[in-house]
Amino acid sequence: NEMRQRFKAILKDPLTIILIIYLLLGAASMIYSADPLRTLTETVRLLVLFAAFLAIVLLMDKNHQLLPFHAVHITALVLAPLSFYEAFTGNAIWHEEVLVKGTIRVNATFVDPNIFARFLVLAIVANFILQLYTREKSIKLLYMGALAVLLAQLALTSSRGGILTLLVILVISLFMLPNKKAVLWVFGLGVLCAALILFIRPDIWDRLFSLSAGLAAAAGPVRLYLWKAALAIFADHPLLGTGLGTFQTVFLNDYSHLKTVASDVSLSHTTVLTIAAELGTVGLLVLIALWLILIIRVRQLLNISGYSLSMFTNYRNQYYAGVGYFLWALTIFISSQGEGRFFEDPIFWLSCALLVVLRLRQY
Numbered sequence: 001n002e003m004r005q006r007f008k009a010i011l012k013d014p015l016t017i018i019l020i021i022y023l024l025l026g027a028a029s030m031i032y033s034a035d036p037l038r039t040l041t042e043t044v045r046l047l048v049l050f051a052a053f054l055a056i057v058l059l060m061d062k063n064h065q066l067l068p069f070h071a072v073h074i075t076a077l078v079l080a081p082l083s084f085y086e087a088f089t090g091n092a093i094w095h096e097e098v099l100v101k102g103t104i105r106v107n108a109t110f111v112d113p114n115i116f117a118r119f120l121v122l123a124i125v126a127n128f129i130l131q132l133y134t135r136e137k138s139i140k141l142l143y144m145g146a147l148a149v150l151l152a153q154l155a156l157t158s159s160r161g162g163i164l165t166l167l168v169i170l171v172i173s174l175f176m177l178p179n180k181k182a183v184l185w186v187f188g189l190g191v192l193c194a195a196l197i198l199f200i201r202p203d204i205w206d207r208l209f210s211l212s213a214g215l216a217a218a219a220g221p222v223r224l225y226l227w228k229a230a231l232a233i234f235a236d237h238p239l240l241g242t243g244l245g246t247f248q249t250v251f252l253n254d255y256s257h258l259k260t261v262a263s264d265v266s267l268s269h270t271t272v273l274t275i276a277a278e279l280g281t282v283g284l285l286v287l288i289a290l291w292l293i294l295i296i297r298v299r300q301l302l303n304i305s306g307y308s309l310s311m312f313t314n315y316r317n318q319y320y321a322g323v324g325y326f327l328w329a330l331t332i333f334i335s336s337q338g339e340g341r342f343f344e345d346p347i348f349w350l351s352c353a354l355l356v357v358l359r360l361r362q363y
């Protein structure tokens, strides 16, 4: 039947295949894992995410390719009143305090301001993509107003990682989207909103614009010993690593002498180094293959949609949506170099699922 044929097509898709290879690699690492129970737990978690991936590809209606963009965009805007409440009162409802080292850092109920900043970057990408599918000038103006709100929220998180992630995403957008004026407009609006926020909240200046200090902090003693540990584990287990999810166990058992400061932090915060330590060279090759496939997929969507793309494209155009989901995956990947979750993030699997859906719709 039709569902069976669709399922076969999904399993034959190169993006699905590379994700399955990563799952199999992680599951197989239980054979030699330094912590089999932890590896099993991580494998089960990835299997749940893969099941969600398959469900989305199987069930996503062809006319709802923009639904995830709408959902994230609306959710971020709904959180705006809470963001401004936190910013101007200094009160947090859940999780850690809003006041961090003398600077108010909005988290809008996320566990960490940096994670909220990442979510806002996803919403900004969604806003930008949705604008490309909008013909009505009045609706475009509403989107631009919403974009200003999202950028203001991002500035209020005082997240250097979030700001840097957005800048990288927008620079890449200049190369991937033919409508460069729209991308440059986002840059300009972002600068304007940031200037307004920083005028109202001058305490943010020191944090956001001390970039060199921020990079130094990222490579501070805690991160530095984690990096050294990951590289040491990789050097000692270069081919297959120590097993999926085992970084913390191996570090505490065999490499704790690399700790140079008193700290309870023992989880790796950098995806590339985590994969290198846990799955070795094979894991890194799978990661590289994944990104090659993602880039090729976007290129395929461009070829299918045609090179004469305009801002006023019809709703069925696949390329802009494909770029949006590619940028979502890239946002998660960039952010994961400081926070540590990439394959474990549901948004990554959602993005991959929609990229498969967009490709399958052509047949």
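60 is the number that our numbering gives to position 60 of the sequence shown; each next residue is one higher, with no gaps.
Beta carbons are placed, not taken as given, at the ideal position from N, Cα and C, and that holds for glycine.
If you're wondering where the values come from, they're calculated on a predicted model, not measured in any experiment.
query	result
What number of angstroms, rounded off, separates the C-alpha of residue 79 from the C-alpha of residue 68?	17 Å
Grab me the residues of residue 351's own chain with a C-beta within less than 6 Å of its C-beta, minus the 5 sequence neighbours each way, in chain order.	325, 328 and 329
Cα-Cα, which of 150, 125 and 283 is closest to residue 323?	125
Closest to residue 276 by CA distance: which of 337, 6 and 318 is it?	337
Among 70, 93, 91 and 152, which has the Cα closest to the Cα of residue 365?	Not covered by the structure: residue 365. The range shown for the chain is 1 to 363.
Closest to residue 237 by CA distance: which of 274, 176, 294 and 160 is it?	274
Give the DSSP-derived three-state secondary structure of residue 36 in the structure shown.	helix
DSSP three-state call for residue 324: helix, strand or coil?	helix
Could you name the residues of the same chain whose beta carbon sits closer than 7 Å to that of residue 7, not counting the 5 residues immediately before and after it, in chain order?	58
Since residue 342 and residue 242 should fall inside the 8 Å C-beta cutoff, what is the C-beta to C-beta distance between them, to a whole number of angstroms?	Contact doesn't hold; Cβ gap of about 18 Å is too wide.
Where does residue 278 sit, in a helix, a strand or coil, going by DSSP?	helix
Mark residue 357 as exposed unless 16 or more other C-beta atoms lie within 10 angstroms of its C-beta, in which case mark it buried.	buried
Using only CA atoms, which one of 27, 42 and 171 lies nearest to residue 248?	42
Do residue 335 and residue 118 have their C-beta atoms within less than 8 Å of each other?	yes
Would residue 150 be called buried (16 or more neighbouring beta carbons within 10 Å of its own) or exposed?	buried
Looking only at C-alpha atoms, which of 318, 90, 184 and 153 sits nearest to residue 75?	153
Tell me the rounded alpha-carbon separation between residue 332 and residue 345.	8 Å
Does residue 317 come out as helix, strand or coil in the three-state DSSP assignment?	coil
Over what stretch of residues does the alpha helix (DSSP H) that includes residue 113 continue unbroken?	113 to 132
Residue range of the alpha helix (DSSP H) that residue 78 falls in?	67 to 78
Using a 10 Å radius around the Cβ and a threshold of 16 neighbouring Cβ atoms, would you call residue 217 buried or exposed?	Low confidence applies here, because residue 217 scores a pLDDT of 49, under 50, leaving its location unreliable; read the following figure in that light. With fewer than 16 other Cβ atoms within 10 Å, it is exposed.
Just verifying my parser: in three-state terms, what is the DSSP assignment at residue 135?	coil
Short of 8 Å in beta carbon distance, which residues of its chain neighbour residue 45, apart from the five on each side in sequence? Order them along the chain.	344
Quick one: grab the DSSP three-state call for residue 105.	coil
Could you tell me the distance, in whole angstroms, from the CA atom of residue 53 to the CA atom of residue 121?	22 Å
To the nearest angstrom, report how far apart residue 25 and residue 187 are at their CA atoms.	41 Å
Check residue 61 in the structure and name its three-state DSSP category.	coil
Residue 226 and residue 280 - do their beta-carbons sit closer together than 8 Å?	no
What's the call for residue 213, buried or exposed, on a 16-neighbour Cβ count within 10 Å?	Residue placement at residue 213 cannot be trusted, given a pLDDT of 47 that sits under 50; the coordinates are not used to answer.
Cβ atoms of residue 106 and residue 170: under 8 Å apart, would you say?	no
Could you pull out every residue in the same chain whose Cβ sits closer than 6 Å to the Cβ of residue 313, ignoring the five residues on either side in sequence?	Model confidence at residue 313 stands at a pLDDT of 48, short of 50, so the residue's coordinates are unreliable; what they give is reported in the following sentence. Counting only Cβ-Cβ distances below 6 Å, and skipping sequence neighbours, we find nothing.
Can the beta-carbon of residue 299 be found less than 8 Å from the beta-carbon of residue 15?	no
Would you mind stating whether residue 161 and residue 114 have Cβ atoms separated by less than 8 Å?	yes
Taking Cβ to Cβ, would you say residue 283 is nearer than 8 Å to residue 39?	no
Where residue 19 and residue 278 are concerned, what is the direct C-alpha to C-alpha distance, given to the nearest angstrom?	17 Å
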